[in-house]
Amino acid sequence: MNTKNRMQEGEAQGRKLLGNKWDKVIEALSNQNQDITKYIVEWAYGEVYSRPALTMAQREIISLTSLAMLGLKPQLKTHLFAAVNAGLSEEEIMEIFIQLALFAGFPIALFAIKTAREVFDEIRQNNPSDPGTGVKTNNQTS
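Each residue of the sequence shown is one higher than the one before, counting from -11 in the working numbering.
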């Protein structure tokens, strides 16, 4: 895949995962450094996220646990939105963080759970009448 195709694929993957938050993420990254933004879009989203062996939900599980363990709240929040868009339910995400407590400790798990609650609250506030974009539990189908 050439650079142009990787950039296009990266944009497509980013928009699929983050919806209207993608532009805000790109703007924030670009304000820090144009080159790193290009590498993130082209390589992370255009190359790695496009590989077929893992689903988007599986990729986001890895992202959530890694970012929680590193204590990176802004990035964790971004990937919590992506995880919901990838189809993970609130119940599944909470279970991921409970499992994380076994390996990373309770303080890390509690940090992740608190951050997830903030994101779920924001999703519900911004989409109160649209169950298709809201936070789902395992018992809900839309």
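Just so it is clear, CB atoms sit at the ideal spot from N, CA and C, and this is done for glycine as well.
All figures in this text were calculated on a predicted structure; none of them were measured in a lab.
When DSSP assignments are scanned along the region 17 to 92, the uninterrupted stretches of alpha helix (DSSP H) that are 4 or more residues long and fall wholly within it turn out to be 22 to 27, 44 to 58, 61 to 73, 78 to 92. Here Leu55 is buried, its C-beta having at least 16 other C-beta atoms within 10 Å. The distance from the Cβ of Gly75 to that of Ala45 is about 5 Å, consistent with a contact at the 8 Å cut-off. Restricting attention to Lys9, Ser77, Val13, Gly34, the CA atom closest to the CA of Arg105 is found in Ser77. Contact annotation: Ile111 and Phe85 have beta-carbon atoms that are not nearer than 9 Å. DSSP places Gly(-2) in the uninterrupted alpha helix (DSSP H) bounded by -9 to 6. Ranked by Cα distance from Gly(-2), the first of Lys26, Glu80, Phe108 is Lys26.
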